[in-house]
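Chemist:
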Amino acid sequence: MGDNRIRINLNGHLSSEVAKLRGLKQGDPLSPILYNLAFEPFLLAIINDRQFQGYLMGTERTKLLCYADDALVFVHDSADLARLQIHMSRYCGASNAKFNYDKVEAFSVSGRDTWDIWETSLAQIHINHLHSVEDDVPLIYLGFPLVQSRLQRVNFMGSLVTKIKIATQIHSTRSLSVVGRATVLNSLLLSKLWYILRVTPLTLADFKQLRSLAIQFLRKNIFPVIPWSVWTLPKEQGSLGVIDIQLQASALYFRWLQPLLVYDQSTIDAHPVSSLLSHHTRNVNNCQFHQIPLLFPSSRSQGLLKQRTGTVDMIYRAVDYLPRSFGSARINTAIAMALPLQAVVFVPSLLQLRASSSCQRNDGGRRFSVRFPAQFRPLEGYSRPLSAHLEKNSLHSVQRPSDREITVSTLLRASL
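In case it helps, UniProt numbering puts the sequence shown at residues 1 to 416.
Below is the structure:
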């Protein structure tokens with residue numbers, strides 16, 4: 001490195017050569033490696049500090065998260081904050097580095113406004129604000145909004161929609177064909193959403209607003225209006241293959257859903273994020289197994305409909321897109337008792353019932369008799385194993401035959 005010599009460009013005039021005694025050229029592939037080697041002692045000092053408590057999540061204790069040069073440290077109390085200041089001072093003294101306190105921010109993990117408790121301690125490291133549920137806009141970490149209230153989500157979505165709208169207006173001034181606009185929409189406009197949609201939950205109204213912007217960009221000078229379901233058809237079917245925003249969001253959320261469906265509970269509990277999702281799903285729906293509300297929509301707590309959209313809602317949408325078949329499923333008594341009644345007993349409405357399924361002919365076809373519920377053919381899928389289980393345990397429905405007989409003339413009068 002001591003052999004490198006550089007010239008400084010001052011308004012187009014190059015200076016004489018200067019020896020480069022330290023540092024790397026911009027874009028040097030060794031730069032991130034050397035930075036990791038220099039930053040690693042600071043991170044290890046916090047991790048190996050037994051007096052530093054951090055955040056206890058289940059049986060796992062998390063003290064910090066780090067991505068590139070962005071470090072997130074979990075502080076339990078003022079003693080942890082004092083220990084953090086000691087490690088920062090030691091690192092700066094040993095490496096001759098300096099922390100940029102203008103970029104240091106603090107937020108409440110619970111969302112509660114605890115500024116009165118932390119004000120004195122945070123002021124010592126030049127932090128004058130604690131982000132909480134009381135703020136209008138969320139704190140941005142690695143590009144993701146740490147949403148703690150409905151207002152923060154609304155404001156963030158407003159700014160995101162504005163950015164997409166400005167981008168569509170810029171590209172609308174270009175002379176593009178319909179195929180070109182679809183390509184620009186997929187590659188340049190909607191691609192701004194995919195990173196955020198991996199974590200951030202959106203409401204159905206948010207998806208509708210984003211679809212509206214996409215349709216307005218695609219249908220410029222096109223009449224009549226083409227529905228969104230046609231735009232998203234594949235090119236093999238004569239459409240343009242525009243990416244469905246809501247379907248893509250559900251596909252991205254499948255990354256959090258797959259461990260809940262594939263692994264056993266002990267493996268899930270060993271992973272902090274999957275353990276939290278499993279516990280939260282069971283707690284919200286007041287059930288023993290998180291798989292039940294995921295696989296059976298009828299077992300989900302209806303109280304979620306009145307609450308703000310969260311991660312559980314996005315996981316529900318993702319799992320509802322998956323095809324499922326319970327034809328080969330075999331259940332025992334314990335599982336039958338755990339499953340919700342609406343999920344295992346098919347009670348069709350009058351509009352769903354066919355005459356061949358709900359009635360049987362008697363007396364030469366002149367009289368119809370309504371079938372008992374136990375006489376309905378088992379619903380294709382998961383109700384068949386339950387039917388076998390119920391027959392085995394001799395569960396019967398008793399009703400007088402005279403109460404279920406209806407003459408043909410009665411049916412005709414009712415239909416007229």
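Backbone N, C-alpha and C fix where the C-beta goes; we use that ideal spot for every residue, glycine too. All values reported here derive from a predicted model rather than from experimental measurement.
Specify, as a first and last residue, the run of the beta strand (DSSP E) that F144 falls within.
Modeler: Within the sequence shown, residue 144 is the residue found at index 144, counting from 1. 144-146 is the span of the beta strand (DSSP E), which, as asked, contains F144.
Chemist: So, with DSSP's three-state summary, where would you put D70?
Modeler: Here the question's residue 70 lines up with position 70 in the sequence shown. Of the three classes helix, strand and coil, the one that applies to D70 here is strand, per DSSP.
Chemist: Between I86, A334, D135, which lies nearest to A45 when the distance is taken from Cα to Cα?
Modeler: Mapped onto the sequence shown, residue 45 falls at position 45. Residue I86 is the option with its Cα nearest to A45.
Chemist: Which stretch, first to last residue, makes up the beta strand (DSSP E) that contains T62?
Modeler: Working through the sequence shown from its first residue, we reach residue 62 at position 62. 60-62 is the span of the beta strand (DSSP E), which, as asked, contains T62.
Chemist: Leaving out five residues before and five after A249 in sequence, what residues of the same chain have Cβ atoms less than 6 angstroms from its Cβ?
Modeler: For this step, residue 249 is matched to residue 249 along the sequence shown. Counting only Cβ-Cβ distances below 6 angstroms, and skipping sequence neighbours, we find L197.
Chemist: Cβ atoms of L14 and R7: under 8 angstroms apart, would you say?
Modeler: For the purposes of this step, residue 7 is taken as the residue at position 7 of the sequence shown. For the purposes of this step, residue 14 is taken as the residue at position 14 of the sequence shown. Yes, these two residues count as a Cβ contact at 8 angstroms.
Chemist: Give the straight-line distance between the Cα atoms of K20 and K63, rounded to the nearest whole angstrom.
Modeler: The residue you call residue 20 lines up with position 20 of the sequence shown. The residue you call residue 63 lines up with position 63 of the sequence shown. Going from the Cα of K20 to the Cα of K63 covers about 38 angstroms.
Chemist: Is A79 buried or exposed, if buried means 16 or more other CB atoms sit within 10 Å of its CB?
Modeler: For the purposes of this step, residue 79 is identified with residue 79 of the sequence shown, where counting begins at 1. Exposed, by the Cβ-count rule.
Chemist: Report the three-state DSSP secondary structure of H131 (helix, strand or coil).
Modeler: Working through the sequence shown from its first residue, we reach residue 131 at position 131. Strand.
Chemist: Starting from the N-terminal side, write out each stretch of the alpha helix (DSSP H) that is 4 residues or longer and does not extend beyond the segment 195-234.
Modeler: Those alpha helix (DSSP H) runs which fall completely within the segment 195-234 and span 4+ residues are 204-218, 228-231.
Chemist: For M157, does the count of other Cβ atoms within 10 angstroms reach 16, so buried, or fall short, so exposed?
Modeler: As a working mapping, residue 157 is identified with position 157 in the sequence shown. Burial call: buried.
Chemist: Of the choices G143, I315, V154, H126, whose alpha-carbon is the least far from that of V137?
Modeler: In the sequence shown, the residue the question calls residue 137 occupies position 137. If we check each option's Cα against that of V137, V154 comes out closest.
Chemist: So who's on the other strand from A106, going by DSSP bridges?
Modeler: Here the question's residue 106 lines up with position 106 in the sequence shown. The partner list for A106 (beta bridge, DSSP) reads L130.
Chemist: Going by CA-CA distance only, name the one from D3, A38, L322 that's closest to A251.
Modeler: Your numbering for residue 251 matches position 251 in the sequence shown. For A251, the nearest C-alpha among the options comes from L322.
Chemist: Under 8 angstroms, do V273 and L294 count as touching if we go by C-beta distance?
Modeler: Counting from one through the sequence shown, the residue named residue 273 turns up at place 273. Counting from one through the sequence shown, the residue named residue 294 turns up at place 294. Against a cut-off of 8 angstroms, the Cβ pair of L294 and V273 comes out as no contact.
Chemist: For the alpha helix (DSSP H) containing L185, list its first residue and its last residue.
Modeler: If you number the sequence shown from 1, residue 185 lands on position 185. Looking at the DSSP string, L185 is not in any alpha helix (DSSP H), and its letter there is neither H nor E.
Chemist: Can F217 and R181 be called in contact, C-beta distance under 8 angstroms?
Modeler: On the sequence shown, residue 217 is found 217 positions in, with the first residue counted as 1. On the sequence shown, residue 181 is found 181 positions in, with the first residue counted as 1. Yes, they are a contact pair.
Chemist: Does DSSP classify N96 as helix, strand or coil?
Modeler: Against the sequence shown, residue 96 aligns to sequence position 96. It is coil, neither helix nor strand.
Chemist: With Y55 as the anchor, note down where its beta strand (DSSP E) starts and where it stops.
Modeler: Here residue 55 refers to the residue found at position 55 of the sequence shown. Element bounds for Y55: 55-57.
Chemist: My assumption, with CB atoms under 8 angstroms, is that T281 sits in contact with V312. Please give the rounded CB distance.
Modeler: For this step, residue 281 is matched to residue 281 along the sequence shown. For this step, residue 312 is matched to residue 312 along the sequence shown. Confirmed, Cβ separation roughly 6 angstroms.
Chemist: Could you spell out the range, first to last residue, of the beta strand (DSSP E) harbouring Y263?
Modeler: Working through the sequence shown from its first residue, we reach residue 263 at position 263. Unbroken run through Y263: none, as it is neither H nor E.
Chemist: Does DSSP put N4 in a helix, in a strand, or in coil?
Modeler: Here residue 4 refers to the residue found at position 4 of the sequence shown. N4 falls in the coil class under three-state DSSP.
Chemist: Closest to S325 by CA distance: which of F296, I268, Y316, I140 is it?
Modeler: Locating residue 325 in the sequence shown gives position 325, where the first residue counts as 1. Out of F296, I268, Y316, I140, F296 has the C-alpha closest to the C-alpha of S325.
Chemist: So who's on the other strand from Y141, going by DSSP bridges?
Modeler: In the sequence shown, residue 141 corresponds to position 141, counting from 1. DSSP, once it has assigned bridges, lists F144 as partnering Y141.
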